[in-house]
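Top line first, the protein sequences correspond to chains A and B.
All the letters of the first sequence, read from the start, carry residue numbers 1 to 265 under our numbering.
All the letters of the second sequence, read from the start, carry residue numbers 1001 to 1320 under our numbering.
Backbone N, C-alpha and C define an ideal beta-carbon position, used for all residues, glycine too.
Only a predicted model underlies this, so the values are computations on that prediction, with no experimental measurement involved.
To start, the structure itself, in structure tokens.
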Amino acid sequence: MAAELNKRKTLFSKGLDSFFEGCAELAGFTAQVFKEGIKPPYEFREILSQCYEIGIKSFILVGVTAFILGLVLVMQSRPTMVEFGAGSFLPAMSSISIVREIGPLVTALICAGKIGSGISAELGSMKVTEQIDAMEVSGTNPFKYLVATRITATTLMIPILTVYADCISLMGAFTGSNIKDQVNIHFFFNRVFEALAYKDIVPSFTKTFFFGFAIGLVGCTKGYNSKKGTEGVGKAANASVVIAMLSVIVIDMVVTQISSMLGYL
Amino acid sequence: MDSATRKNILLGFFVTIGIVLFIVGIFLVGSKSELFNKTFPITAKFTNASGLKTGSNVRFNGVKVGIVKAVKLINDSVVQVDMSIEESKRSFITRNAVASINSDGLMGDKLVNITTAKNGGEPIQNNDVIASTNPIITDQEMQKLSATNENIRVISENLKVLTTSLNSDNGTIQALYKDPEMARSLKSSFNNLNMVTDKVLNVSNSLQSITQQIQKGNGTVGKLLNDTVLGANLAYTLNKLKETSDELNKVSDQLSTTMQHVNGGKGTMNMLLTDTAFANNIQQSMLNIKTASGKLDQDLEGLKHSFLLRRYFRKQEKKK
């Protein structure tokens, strides 16, 4: 039986085998991240450095995107809402949309593209140029230094970027409201915070930690395990972006369902 | 300043601002949910909470004063709504205030509206249960509207049948608005009616004038109704008339008795009235008396011319 299996080129199909192999790789990598990340000593300096790279260097991109999305959301929704005589509900509608979904999701997707690919490419390059092997030889734990720090940084920075994104997006929504109407800023933000409740903030803020963890984990996994030279680095970066984005969407769905079960929705 | 330090400062600033924004957001949301304000609890009971939920606004005369803390089903017909009201608004709300469930606009969320009592009252205390009015249930109103629509549909169909009938039949109504002769006749009738109305109006005016004269006490009827002396005299006269009537009644009775005696008795009167032989005798006697009287006239005339009495008669004529 074992001999027969060894003769076969694939177990299920090429795609399925690859998928399950990736899942196993990810699971093993996750276990190792927790194992190495929790155990001291901690690489604080590298964590801060990665936080700077991930947080501050993504801020402009996230901010601009969030502002435009808030503005567009209001401009697109306004005609229909005004038609129904619900123009005064625009601040409430935009605040709930932004805080619950648009802010966290847009931040995570942008970071999945920018940070996920960056981490994957960086670690992949280090892998193919055998820098990681050299670190191991020199006595430095590459997993702790390279992977745990990046995953910690993404897990911490995505929530903070999301807070910024929410605020900037609400400013965009206010700007959008003022393009066709004259809306007082005090009135707008009064209605925004009147419409919001903790049940809107808690699940959406919580899921950003999972988004950050997933983006860091996928980027590091694909980069750390990249093969076949520079070509493998490109493939790893590409796969990292795709899988990270898909992971974000799946986590979003799961968290929404759990929030609903817990009575947050 | 080296690059690493600069990066760390920037990162610290970035993270601090992010956390501050998050905390401010949490605080603002919390303040709207009355988490950081001093509040006191009150309760109202409804038969139908009608879409009210925890966190819904509570307004006092249209101004937000608190939020709904809990909506509890007490039994099959009572829903208890616990509210948290800002302490600063306590002095405005009295114990006899009334809570009702309304909507924030046509499509808005449900909210509790507390209205002030007309006669004032004591300030509300913690855990007081205030009176409530039941909300308008949209489904019930829609059912009523549906019934009204059905009625309108039936009326519309009846009107359609009626108008079709009016257009197709040759009845009176169609003649009324199509036949010119009918129109002329109707016009004439209305003119006559108008004249009659004028006359009736004149009569009415005359009657009114008469009534006014009577009320003033003018004329016989006026005096009769208004003059107290005349009234007393009339009463006296009527009394006298009554007495006379009584007397006449007695006389009538007596006459009746007499007539009975005349009819039933055997006296002269009865014989005069009923006995024909007696009547004939009387008639014969009267003829005899007449004959005797004629003869007596002749005798007396003879006496006048007799020499014995001639002188006496001449003296009687000379005296005349």
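For A:I50, count neighbouring C-beta atoms within 10 Å of its own C-beta (all shown protein chains included) and say buried if the count is 16 or more, exposed if not. A small correction: the amino acid at residue 50 of chain A is Gln; Ile does not occupy that position in the sequence shown. It counts as buried.
Could you tell me which whole alpha helix (DSSP H) segments of length 4 or greater appear in the stretch 14–70 of chain A? 14–38, 44–51
8 Å is my cut-off, CB to CB: does B:V1029 come that close to chain A? yes
Cβ-Cβ distance between A:V192 and A:P91 below 8 Å: yes
Would the beta-carbon of B:T1043 fall within 8 Å of that of B:V1081? yes
Check whether chain A comes within 8 Å of B:F1060, counting only Cβ atoms and requiring the distance to be less than that. no
Any beta carbon of chain A sitting closer than 8 Å to that of B:N1075? no
Taking all protein chains shown into account, do 16 or more other C-beta atoms lie within 10 angstroms of the C-beta of B:T1244, making it buried, or fewer, making it exposed? exposed
Residues near B:D1104 in its chain [Cβ-Cβ closer than 8 Å; skip 5 each side]: N1057, K1110, L1111
Taking the beta strand (DSSP E) that B:Q1080 falls in, what are its first and last residues? 1078–1086
Measuring CB to CB, does A:G55 end up less than 8 Å from A:E122? no
When the cut-off is 8 Å and only beta carbons count, does B:V1015 lie next to chain A? yes
CA-to-CA distance, A:E43 to A:F34, given in whole angstroms: 14 Å
Residues that DSSP places opposite B:T1043 in a beta bridge: B:D1082, B:V1129
For A:A195, the three-state DSSP class (helix, strand or coil): helix
Alpha-carbon spacing of A:A134 relative to A:A197, whole angstroms: 52 Å
Can you tell me where the beta strand (DSSP E) with B:G1120 in it begins and where it stops? Neither: B:G1120 is in no beta strand (DSSP E) and is coded neither H nor E.
Between the CA atoms of A:A195 and B:S947 - distance to the nearest angstrom: Nothing about residue 947 of chain B can be read from this structure; chain B reaches only from 1001 to 1320.
B:N1167: contacting residues in chain A (beta-carbon distance under 7 Å): Here the premise fails: no neighbours, minimum Cβ distance about 43 Å.
At least one CB of chain B closer than 8 Å to the CB of A:I215: is that the case? no
So, does the CB of A:C51 fall closer than 8 Å to a CB anywhere in chain B? yes
Measure from the C-beta of A:Y42 to each C-beta in chain B and report whether the shortest distance is under 8 Å. no
Examine the Cβ distances between the stretch 1119–1135 of chain B and the stretch 1092–1099 of chain B and report whether three or more of them are shorter than 8 Å. yes
Considering only the alpha carbon of each residue, which of B:Q1208, B:K1320, B:L1255, B:T1116 lies closest to B:K1089? B:T1116
Among the candidates A:A244, A:C167, A:T230, whose CA atom is the shortest distance from the CA of A:V62? A:C167
Can you tell which of A:Q76, A:N141, A:D200 has its C-alpha closest to the C-alpha of A:S260? A:D200
On a Cα-Cα basis, can you pick out the residue from A:S13, A:S125, A:V183 that is closest to A:L146? A:S125
8 Å Cβ cutoff, B:L1010 in contact with chain A: yes
Going by C-alpha distance, which of B:V1161, B:Q1260, B:D1076 is nearest B:A1049? B:D1076
Going straight from the alpha carbon of B:V1154 to that of B:T1148, what length do you get? 10 Å
For the stretch 239–254 of chain A against the stretch 108–123 of chain A, are there 3 or more C-beta pairs whose distance is under 8 Å? yes
Touching by the beta-carbon criterion (3+ pairs, under 8 Å), the stretch 1009–1023 of chain B and the stretch 1060–1072 of chain B: no
Buried versus exposed, by CB contacts within 10 Å (16 or more), A:T152: buried
Unbroken alpha helix (DSSP H) run spanning B:V1200, endpoints: 1180–1216
Spatial distance of B:D1198 from B:F1190 (CA atoms): 12 Å
Please state if the CB of A:G70 and the CB of A:I98 are separated by a distance shorter than 8 Å. yes
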